[in-house]
Amino acid sequence: MDIENGGLMTGEPQIEKPKPSSKIYFFIIAIAALLATNVYYAIRYKNLGNQVEVLNSQKNQLEIEVDRIEAELNRVTGENIDLAANFKLEHDSARLLIEDLRSKINSNTEIKQDELLHAQQEIQKLRALVAKYSSDLENLRKENDLLSNERDQLQESVNTVNKRANSLEEDKAKLQEMIKMASHLKISEMNINALRVRSGDRINTESKAPRVDRLQINFTLADNTLTKVGKHNIYLRVTEPSGNLITNGNVFKVNDEEIQYTDMKEIDFENDGKQYTIDWSPSDYKFKKGTYTVILYTNESTMGRSTISLK
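Anchor point for the sequence shown: position 174 equals 181 in the numbering used here, and the numbering is continuous, going up by one each time.
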């Protein structure tokens with residue numbers, strides 16, 4: 008044992024511990040950096056996945072919202088309302104915006120944040136446009152209902168006026184018919200004389216049929232201010248005691264009906280209450296025993312009748 012410099016020295020040699028290599032430290036640092044990087048990317052990918060999931064969820068919500076708005080647009084335009092020009096432009100604009108949104112939403116499986124924000128802004132515009140369009144159509148519907156009610160009321164008024172006009176027209180026609188009937192010549196008094204013509208143009212009243220040469224019809228017309236003053240044709244229908252009409256086949260019309268007559272004379276009506284006389288002298292006819300009936304007509308109606316009996 009040696010003692011050197013006041014120290015105790017043994018005779019056995021001492022072994023020094025080896026110092027750590029710099030390579031070991033490098034590997035440790037590399038491994039730590041790699042772990043940190045993996046953790047960083049793991050967290051980043053996780054956050055990115057969450058963001059993608061959120062974006063896809065919002066994308067789905069956008070699709071749902073677009074479907075809802077399109078359904079509302081279909082509802083308000085599916086009621087067969089004739090669109091004015093400005094409503095047509097709003098409708099077409101909304102349809103184009105819906106198509107554009109669908110194209111943008113369906114173009115990529117993933118949608119970016121700025122694209123999502125733009126789509127949301129477009130949907131807000133679309134929602135406002137469809138709301139305005141729906142409101143305008145509702146106002147148009149109310150106006151149409153109001154106009155329809157006014158039209159119905161007007162039509163009802165027109166129908167009422169037409170009915171009243173038709174009623175007045177009927178009353179007018181009835182009145183005209185009454186006036187026409189009232190204007191017909193009517194006999195107030197009528198009598199018939201059988202006459203015999205003797206030599207020297209002496210005329211005597213006769214009651215025996217073989218001696219009768221003519222019938223004299225005397226009549227007075229009723230006063231009538233509605234009857235036209237002037238010339239009027241008077242038609243005679245003379246029937247034998249057997250009931251046969253004495254006629255040569257001549258006819259006249261009464262209310263568009265053709266009737267045979269015996270003779271026709273013209274009178275000048277002055278509405279002065281005077282008596283008229285018509286002589287009927289048949290050329291080839293022999294009077295018979297019995298009752299003869301004489302009926303006088305105008306072209307409008309029967310004037311009157313009378314009879315005479317011959318022995």
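C-beta atoms are modelled at their ideal positions from N, C-alpha and C, and glycine is treated no differently.
None of the values given here were measured: they were computed from a predicted structure.
Asked: Straight-line gap, S384 to L252 (C-alpha atoms, nearest Å); Found: Beyond the ends of the chain as shown, which are 8 and 318, falls residue 384; an answer cannot be given.
Asked: Where Y304 falls: helix, strand or coil (DSSP); Found: strand
Asked: E273 vs N240 beta-carbon contact at 7 Å; Found: yes
Asked: Nearest residue (CA-CA) to E196, options A135, Q282, L153; Found: Q282
Asked: C-alpha distance - S249 paired with K318, whole-angstrom precision; Found: 14 Å
Asked: L335 and I199 closer than 7 Å at C-beta; Found: A query on residue 335 cannot be resolved here, the shown segment of the chain reaching from 8 to 318 and no further.
Asked: Supposed close pair Y299, T314 - CB separation, criterion 8 Å; Found: 7 Å
Asked: Host beta strand (DSSP E) of D270 (start-end); Found: 270 to 276
Asked: Inter-residue Cα distance where the pair is D291 and D220; Found: 10 Å
Asked: Reduced DSSP secondary structure (H/G/I, E/B, other) of T298; Found: strand
Asked: Distance, N169 Cα to N255 Cα; Found: 52 Å
Asked: One or two residues paired with H4 in a DSSP bridge; Found: Residue 4 lies beyond the stretch modelled for the chain, which goes from 8 to 318, so this question has no answer here.
Asked: V245 burial status per 10 Å Cβ neighbour count (16 or more: buried); Found: buried
Asked: Collapsed DSSP secondary structure at E229 in the structure displayed; Found: According to the sequence as given, residue 229 is Ala; it is not Glu. Three-state DSSP puts A229 in coil, outside helix and strand.
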